[in-house]
Each structure stands twice: as structure tokens, then as C-alpha cells.
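Colleague:
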Amino acid sequence: MLLAVAASAAATFGGVASAEGEGIQTTLRVTPAEDGADKYPVESVEIVVYEGVIENREVIEVGAEVGRAVSDADGFVFVPVPQVGSYVVELNLDTLPDGVELVRADLQQLGVEARPNQPTNVLFNLAEGDVAAAAREKSSDGFFTRAARLTYQGILFGLIIALCAVGLSLIYATTGLVNFAHSEFIVLGALIAYFFNAKVGFNLIIATILAFIVTGLFGVGLDVGLWRPLRKRGTGLTAMMIISLGLAIFLRYFFLYIFAERSRPFDDYAVQTDPLFSLGPVDVLPKELVMIIVAILMLVAVAMALRLTKLGKAMRAVADNPDLAASSGIDVDRIISSVWFAGAALTAVGAVFFGLTSQISWLTGQQLLLLVFAAVTLGGLGTDFGAFAGSVVIGIFIYLTTLFVAPELKNVGALVAMIVILMLRPQGIFGRRERIG
Amino acid sequence: MDWYTIISNTLRSGITQQAIIFALAAIGLNLHFGYTGLLNFGQVGFMAAGAYGTGISIEEFGMPLIPAIGVGLAAGVVLAIILGYPTLRLRADYLAIVTIAIGEIIRFTVRAAALSDVTGGSNGINGFSNEFQSWNPLSGGKTYGFNLFGRINLRFTGADLWEMFVGWMLVFLCVFIVWRLVNSPWGRVVKSIREDEDAATALGKNVFQFKMQSLILGGTFGAVAGIFYAVQQNSVQPDNYGTQQTFFALTAAILGGLARVWGPVVGSIIFWMLLSAVENILIELIDAGIMPDWLMERSQVGAVRFMLVGLTLMLLLVFRPQGIFGDKREIAIDARK
Numbered sequence: 001m002l003l004a005v006a007a008s009a010a011a012t013f014g015g016v017a018s019a020e021g022e023g024i025q026t027t028l029r030v031t032p033a034e035d036g037a038d039k040y041p042v043e044s045v046e047i048v049v050y051e052g053v054i055e056n057r058e059v060i061e062v063g064a065e066v067g068r069a070v071s072d073a074d075g076f077v078f079v080p081v082p083q084v085g086s087y088v089v090e091l092n093l094d095t096l097p098d099g100v101e102l103v104r105a106d107l108q109q110l111g112v113e114a115r116p117n118q119p120t121n122v123l124f125n126l127a128e129g130d131v132a133a134a135a136r137e138k139s140s141d142g143f144f145t146r147a148a149r150l151t152y153q154g155i156l157f158g159l160i161i162a163l164c165a166v167g168l169s170l171i172y173a174t175t176g177l178v179n180f181a182h183s184e185f186i187v188l189g190a191l192i193a194y195f196f197n198a199k200v201g202f203n204l205i206i207a208t209i210l211a212f213i214v215t216g217l218f219g220v221g222l223d224v225g226l227w228r229p230l231r232k233r234g235t236g237l238t239a240m241m242i243i244s245l246g247l248a249i250f251l252r253y254f255f256l257y258i259f260a261e262r263s264r265p266f267d268d269y270a271v272q273t274d275p276l277f278s279l280g281p282v283d284v285l286p287k288e289l290v291m292i293i294v295a296i297l298m299l300v301a302v303a304m305a306l307r308l309t310k311l312g313k314a315m316r317a318v319a320d321n322p323d324l325a326a327s328s329g330i331d332v333d334r335i336i337s338s339v340w341f342a343g344a345a346l347t348a349v350g351a352v353f354f355g356l357t358s359q360i361s362w363l364t365g366q367q368l369l370l371l372v373f374a375a376v377t378l379g380g381l382g383t384d385f386g387a388f389a390g391s392v393v394i395g396i397f398i399y400l401t402t403l404f405v406a407p408e409l410k411n412v413g414a415l416v417a418m419i420v421i422l423m424l425r426p427q428g429i430f431g432r433r434e435r436i437g
Numbered sequence: 001m002d003w004y005t006i007i008s009n010t011l012r013s014g015i016t017q018q019a020i021i022f023a024l025a026a027i028g029l030n031l032h033f034g035y036t037g038l039l040n041f042g043q044v045g046f047m048a049a050g051a052y053g054t055g056i057s058i059e060e061f062g063m064p065l066i067p068a069i070g071v072g073l074a075a076g077v078v079l080a081i082i083l084g085y086p087t088l089r090l091r092a093d094y095l096a097i098v099t100i101a102i103g104e105i106i107r108f109t110v111r112a113a114a115l116s117d118v119t120g121g122s123n124g125i126n127g128f129s130n131e132f133q134s135w136n137p138l139s140g141g142k143t144y145g146f147n148l149f150g151r152i153n154l155r156f157t158g159a160d161l162w163e164m165f166v167g168w169m170l171v172f173l174c175v176f177i178v179w180r181l182v183n184s185p186w187g188r189v190v191k192s193i194r195e196d197e198d199a200a201t202a203l204g205k206n207v208f209q210f211k212m213q214s215l216i217l218g219g220t221f222g223a224v225a226g227i228f229y230a231v232q233q234n235s236v237q238p239d240n241y242g243t244q245q246t247f248f249a250l251t252a253a254i255l256g257g258l259a260r261v262w263g264p265v266v267g268s269i270i271f272w273m274l275l276s277a278v279e280n281i282l283i284e285l286i287d288a289g290i291m292p293d294w295l296m297e298r299s300q301v302g303a304v305r306f307m308l309v310g311l312t313l314m315l316l317l318v319f320r321p322q323g324i325f326g327d328k329r330e331i332a333i334d335a336r337k
């Protein structure tokens, strides 16, 4: 804390535009009205930092004030924060000099994840009156512009959900188990990736591959150590569902025990602000493009594998009729274990992707699980394509609802949609009629 | 190690308000799952409906406490009907998913800032039920009770004793109602639905209607739990109505024994005594320096005791699904339906 204050003092007096320790920093510079003129810094503009809850860079909740500071002659402001975590940064509009405006009035508050041991940058886009008006005109968020951006966010989110949902659906198809502990694969996957990335120091891509493998093996371990013996004992599916709930509670609090109540960002790619390219109003960040491509490739690979490979066909045979599959020489236990591996491993990738767009805490799994359920119910429990399509629909639906309702209620819409679908078409959009039971 | 503190805290948590709240919620779940075979994972939604129904009636509409409690109960009934229509025809796993979702929908909605004029948003509603303590015949601030063996503290404030008295009376009343119900023709029908829905239909029973009645009744017990929780705390906080509450109540009900009238009550008492014992022993071990730092700090005790809840639920279902007092033949956990 002292160090951070000292560093900020040094930055202020020395005019060095950087500081050490955890904190939020920004350099406030104004785009002038004349063409071609350089941006100039503004002095004594106040920045206030609050504790907060953010999601996907959106501010969900603003908490207690953490600190405030005023920009120096170079427009530089640094506000130290006590620890890594999520904060809301606010620009005090009253302290702006006359004629200078914030280009996007709705971006007066920014959600930010403070990174460990280094300042985290935020950017306020300031401009002189006329330019601000012009810029606002250009990026003025008309209904369709916002709808386009939200649809894009929704597709991205839907693909993340799909990676988690396909596993849940496959496990259901082969074993009949509605696995409430699937949520914990999400947290585990993100935790392992975080461990290898931030603690061990591997690149996030390698950390994700390791998370894929370790979470998959954990899924196999659960199957061999818990679910297979229960199947052999003839434990009923309702009992198994409640056991999976107990397992979920156990794992969830185990993650709280080792992870504590903070959310932490990955070391790589956590903050990306420069878009790779723009599709009309939609800015595509490089990491988002990678996530979309990887997610689609993996989902297509699963669909192809299920239809074309021997293992995939065996999986479908087991899903259809385990006894018949066993009597035709398929090693049912091995197939089910493979499904657990694939289901858990895909979920881990989804978890890392979610961690790159939002934040992961010990409760994330529980929060996402309901959306995953909504997705698979919508698409039809037990089908891979249904899980994929349901997820994308739910993702887009969740984001588009924010056009009409407060962001904090966006998940409510998805859950209500799930219930409505169950009333109208219990087997889901792509489910087979027999699955309602 | 201060064993007297451990023992007194453990005993106290078996008889204080928390055990009462979860006993009431578990009585409802027992009627749903134990007797009728309906896997309701959204009991907390009924608790929230009762609590918010009461709180909003007092805070917004200035009702006295008694009619406000009536509104809370009505809210539970209405929720059961809304919940039941789309879901009661669904299979157990779908029902579980939908009920858990409805619980969360209610929590998200009441904590939304958009509704904070009515529900108080994430702050909830506070200080609405002073009327309840005004009926207390004891002096609220005075301490009553005794020290068992001179060392085990069983002393409570008058306010606590009044709440505990009313709470346990409610528990007895609910148990009595369930006892009369399940030993009536109605009880035999819902048990037959649990055993074999098709057979019950074939005998001319309107299965949907009986399920709905069971959902309403059990949900009302859940609402009673929520109302008691809110009135006794003199506040409703949205985050006290998270999904884990349902799961704790479910664990308590299974622990005591499903399809037994007293099962959920005994289960809740044992559940909270167990949690309290573990918590207090761990804290004592840490304070005495016996627990190594790297293994556990005080802030982690809460997590560890809830890990124990999950483990208990798993072990019970694997090794003793009938709980302590239940009958294995009466547990609806084997059917695929």
C-alpha cells in the first residue's frame, strides 16, 4: 500500500507515466477540434475508483469507494487499489474543463479487472465539444447498432456455453444422468488453466491444453471411481442425480477453500482493447476471433467424431441402448469413460474462454450451469447438435434481452424461455419425442 | 481446547432459529419428495415468496403483521400453482431443473435494482416486523436460562426465546398437519403416485391434481419457513435465498429420513448440530495452534463445513438413502420416472 502511494507520488512529481503495484491508471488526453492537431493532456480531472461487480466489461454493481485521484500536467492519474479484483472506475464529469466532453456519455463508468503487481490501464475517450458530437454521431448507438453488437456478444457467449453443454448432453445421453456437478468442471478447468498460466508461467494456450487434459482425466476419474460402481450397484437415476448434487456442493466449497472468494484474471490476453477488425459496428478482438474459431472447430469435431469414427458410433450405440451395445461386443464402460473425458475436457475449454471474456470465481460454475441447462433443454437433452444450437440461441437471447431489460435481469429471460419451451415442447427443439418420458 | 464452548454451541444450534427454519423447509420437501416423489429443487423459491410477500405487504402497503403473513402464505400458494402447471407433467430430472431455475429467477428478480423501490434490491427490506417482538411476554433484552454443569452455556435472550417458542410451535403444527394428511386417504393416494403413477391413474385418480395439491401444501410449509426467517431476522435479504438453502434443507430431510413425519425435523436438528460441532472444533484447533496454517485458516472453516454437507449428501444417498429413521422401501430414488 505504502509502496503504491510512493510510486504514485513519484509518478506525479516525476511525470513518469507509469506506476508500480496494483492500481488503476489512465492518461487523460483530449482530441482537439482542429484536424491533424495532436491530442493534449488535461490536468486536475478527477478519477474515482469503487469496488464493483463487473461482467464482460459491463458494470453490474458499484460498491464502496476505494480511492480517488486527480490528473497531473501530463493527464496521468493513478489510483492504488488494495488487491487484485474487479473495480469500477468513474470519471468525474464536473472536473472536466469547459468545452471538453466524454465522447460516450454511457462510458462514464468503466468496469476493470485490476492485475497483480502492476497498474491496469483504462481509457476514457475525451474530445472537444464539436469532435465529441461528431464522434458520438459516428458511434451513436442506434438500436440496430447495439443489437448487432449484442448479437455478436451473444454468439460468442453461446459458443462458450455450447462447449460446456455438449459435455452435459453427451453424459446424459450415454448414462441418463443429469449431472449437477458438471458446473464444477467449469470451475476446475478455469482453475487449472489459471494455475499453469499465472502460477507456473506457461502461456495460456499451453495452460488451456493442460486444463483440457487434466479436467478430462478428472472426469474419467469420477466415472471410474464413483459413477461406474454406482451403476454396477443399480443405483437409481434420481439417486445419482442427488449424488451429483452432493458432489457439486462438495467440489464448489472445496474450490472456495483453496481459491478463496476472489476472482483472478489470467496473465495472458486478459486485457485486449484494440480490435483486429470491424464488421460494421461490431469490433472483433483478436482473442474473440480465436475463441470463436476454436469453439466451432471443436464442436464440429465432436459432431463429426460421433458420426464418423468407430468410437463415436459406439457412443451413439450406448446412448441408444446400452444392453444391446454391450451384447454386440462394445465395451460399454470404456465408452462411457471416454464420454466423461470428452465432456469434462470440452467444458474446461469453455471455462477458459469464459474466463477470458468475464471473470471466474468459485460460484461461476453454479451460475453458468443453469444457463447450460437452459441451452440443453432448449435444444433437446441428449443430442449434440441440439446442445450446440440451444446454446447459441440462449447466448443471443441473453444478450439481446439487455436491449429491453436491465443487464442484471438478462439471465432471468433465458430461464423463463427454458420453462416456456418445456411447456410447449418438452423434448426441446431437436429432441426426440421419446425422451420426455 | 475449550470443550464446553464446543458442546454449548453445538447444543444451541440444534434448537435455535436456523434449525427451525430448515426443519420447516424440510417438512415441505418431505411432503414433495418423500411422500409424493416430486423432486423439488426450488424450495427456496417458496421461502422467498413467503418472506417477500410478508415484507412487501408491511413495507409497501402498511399492513399489520398478521394479514401480511397471510399474503406471504398466499404468495407461496400462487407460486406453487404457477410452478406446477408447466412442470408437474415432466419427469423428475426436468422438474428438478425447472424448480431450481424458478428459485433463481425469483432471487434475480427481487435483487434487481429496477425493482428496488418495492423489494429493496440487493439490500432487501429491513426493520418491518418490530410488531412481532412487541408481542413477546418476556423482556427482550433480559437473559434467561442456565449453565448446564456450570459450564455449558444454555442462556438465551428473551427475544431469542420468544422466536424459538413460536418457531417450534410452528414446527409442531406443521408436523401435525403432515401426520394427519399422510395417514388419510389423500396420503395413501400421493404415496401410490410416488410408487407408480400409471397404477394410480389406472385406478381413476387424477394424478396431476394430487401432485398439485402436494406441491401447494409443501410449498406453503416452505413459505412458512421463509416468513419465520424474515420476521425473526426483521429483514429479507435476496442473497439469503440462494439455491444452496434448498440443498441444505434437502440434506436435512434425507438425513432424518424421507417419508417419516419427524424425519425432516430430526434431520434439521442433527444437520445444524453437526455443522456447528465441526465448525467449533475446527476453530478451536486453529486457535490452539494445533491446525497447521497451510492446511486451514479461520476464514476457510466456513468452506470446509459446507464441503462436509456435500459429502454427507453423497454418502447418505450411496450408503443409507433412508437416512436415520426412514424405510428404504419408501424412498422414491430408484425409478427412472
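From first to last, the protein sequence lines stand for chains A and B.
Each residue of the first sequence is one higher than the one before, starting from 1 at the first, in my numbering.
Each residue of the second sequence is one higher than the one before, starting from 1 at the first, in my numbering.
Ideal Cβ positions, reconstructed from N, Cα and C, are used throughout, including at glycine.
#1: From the beta carbon of Arg336(B), is the nearest beta carbon of chain A less than 8 Å away?
#2: With distances taken from CA atoms, which of Asp98(A), Gly329(A), Arg228(A) is nearest Gly43(A)?
#3: Of all Cβ atoms in chain B, is any one closer than 8 Å to the Cβ of Pro322(A)?
#4: What I want to know is whether the C-beta of Cys174(B) ends up closer than 7 Å to one or more non-hydrogen atoms of the ligand NAD.
#5: Sort out for me which residues DSSP pairs Ala69(A) with in a bridge.
#6: Rounded to a whole number of angstroms, what is the C-alpha to C-alpha distance between Ala113(B) and Ile102(B)?
#7: Fully enclosed by the stretch 79-120 of chain B, which alpha helix (DSSP H) runs are 4 residues long or longer?
#8: Could you check whether Val190(B) and Tyr35(B) sit closer than 8 Å to each other, using their CB atoms as the reference points?
#9: Check the Cβ-Cβ distances between Pro82(A) and every residue of chain B, and say whether any is below 8 Å.
#10: Could you tell me which uninterrupted alpha helix (DSSP H) segments, each at least 4 residues in length, are contained entirely in the stretch 238-291 of chain B, listed from first to last along the chain?
#11: Kindly indicate which three-state DSSP category Gln83(A) falls into: helix, strand or coil?
#12: For the alpha helix (DSSP H) containing Ile340(B), list its first residue and its last residue.
#13: Throw me the rounded Cβ distance for the Tyr87(A) and Ala303(B) pair, which I believe falls under 8 Å.
#14: Taking 8 Å as the threshold (C-beta atoms), are Cys164(A) and Thr383(A) in contact?
#15: Taking just the CA atoms, how far does Ser122(B) sit from Pro238(B)?
#16: Please classify Tyr399(A): is it buried, with 16 or more other beta-carbons within 10 angstroms of its beta-carbon, or exposed?
#17: Using the Cα positions of Gly267(B) and Thr312(B), report the straight-line distance between them to the nearest angstrom.
#18: Please work out which residues of its chain come closer than 6 Å, Cβ to Cβ, to Gly216(A), disregarding the five sequence neighbours upstream and downstream, and give them in chain order.
#19: Measuring alpha carbon to alpha carbon, tell me which residue in Val200(A), Ile335(A), Val53(A), Ala181(A) is nearest Ala64(A).
#20: Quick one: what does DSSP say Glu90(A) is sitting in, helix, strand or coil?
#21: Let's test the definition: count the other Cβ atoms within 10 Å of the Cβ of Gly204(B) and tell me whether it reaches 16, buried, or not, exposed.
#22: List the residues of chain B whose Cβ lies closer than 7 Å to the Cβ of Thr377(A), in chain order.
#23: Helix or strand or just coil, what does DSSP make of Phe41(B)?
#24: List the residues of chain B that Ala406(A) touches, going by C-beta distances under 7 Å, in chain order.
#25: Could you tell me whether the stretch 178-187 of chain A touches the stretch 229-247 of chain A, using the rule of 3 or more Cβ pairs below 8 Å?
#26: Is it buried or exposed for Val16(A), if we count other Cβ within 10 angstroms and need 16 for buried?
#27: Pull up the distance between the alpha-carbon of Leu282(B) and that of Leu204(A), whole angstroms please.
#28: Tell me where the alpha helix (DSSP H) around Ile419(A) begins and ends.
#29: Could you name each continuous alpha helix (DSSP H) segment of 4 residues or more that falls completely within the stretch 263-311 of chain A, going from the start of the chain to the end?
#30: Who are Gly23(A)'s beta bridge partners in DSSP?
#31: Let me know the alpha helix (DSSP H) ranges lying completely inside the stretch 179-248 of chain B, each 4 residues or longer, listed in chain order.
#32: Which residue marks the beginning of the alpha helix (DSSP H) containing Gly379(A), and which one marks its end?
#33: Using the three-state DSSP reduction, which class does Arg104(A) fall into: helix, strand or coil?
#34: So Val171(B) and Leu24(B) are supposed to be a Cβ contact under 8 Å. How far apart are they, rounded?
#35: Which residue or residues does DSSP assign as beta-bridge partners of Arg29(A)?
#36: At the 8 Å Cβ level, is Ile436(A) part of the contact set with chain B, yes or no?
Modeller: The relevant details are as follows:
#1: Model confidence at Arg336(B) stands at a pLDDT of 41, short of 50, so the residue's coordinates are unreliable and nothing is read from them.
#2: The displayed chain sequence assigns Glu, not Gly, to residue 43(A). Of the listed residues, the one whose Cα sits closest to Glu43(A) is Asp98(A).
#3: no
#4: By its list of ligands, the structure shown contains no ligand whatsoever, and the ligand NAD lies outside what it can speak to.
#5: Ile47(A)
#6: 19 Å
#7: 92-110, 116-119
#8: yes
#9: no
#10: 243-256, 263-287
#11: coil
#12: Outside the displayed span of chain B (1 to 337) sits residue 340(B), for which this structure offers no information.
#13: About 25 Å; that fails the 8 Å criterion.
#14: no
#15: 6 Å
#16: buried
#17: 12 Å
#18: Phe341, Ala344, Ala345
#19: Val53(A)
#20: strand
#21: exposed
#22: Ile97
#23: coil
#24: Ala112, Ala113, Ala114
#25: yes
#26: Reliability fails at Val16(A), whose pLDDT of 35 lies under 50, so the model's placement of it is uncertain and the value that follows must be treated cautiously. Burial call: exposed.
#27: 37 Å
#28: 410-424
#29: 286-308
#30: Pro80(A), Pro119(A)
#31: 185-195, 197-202, 207-233
#32: 364-379
#33: coil
#34: 6 Å
#35: Pro41(A)
#36: At Ile436(A) the pLDDT is 40, less than 50, meaning the model places this residue with poor confidence; the figure from the coordinates comes in the next sentence. Yes, its Cβ sits closer than 8 Å to a Cβ of chain B.
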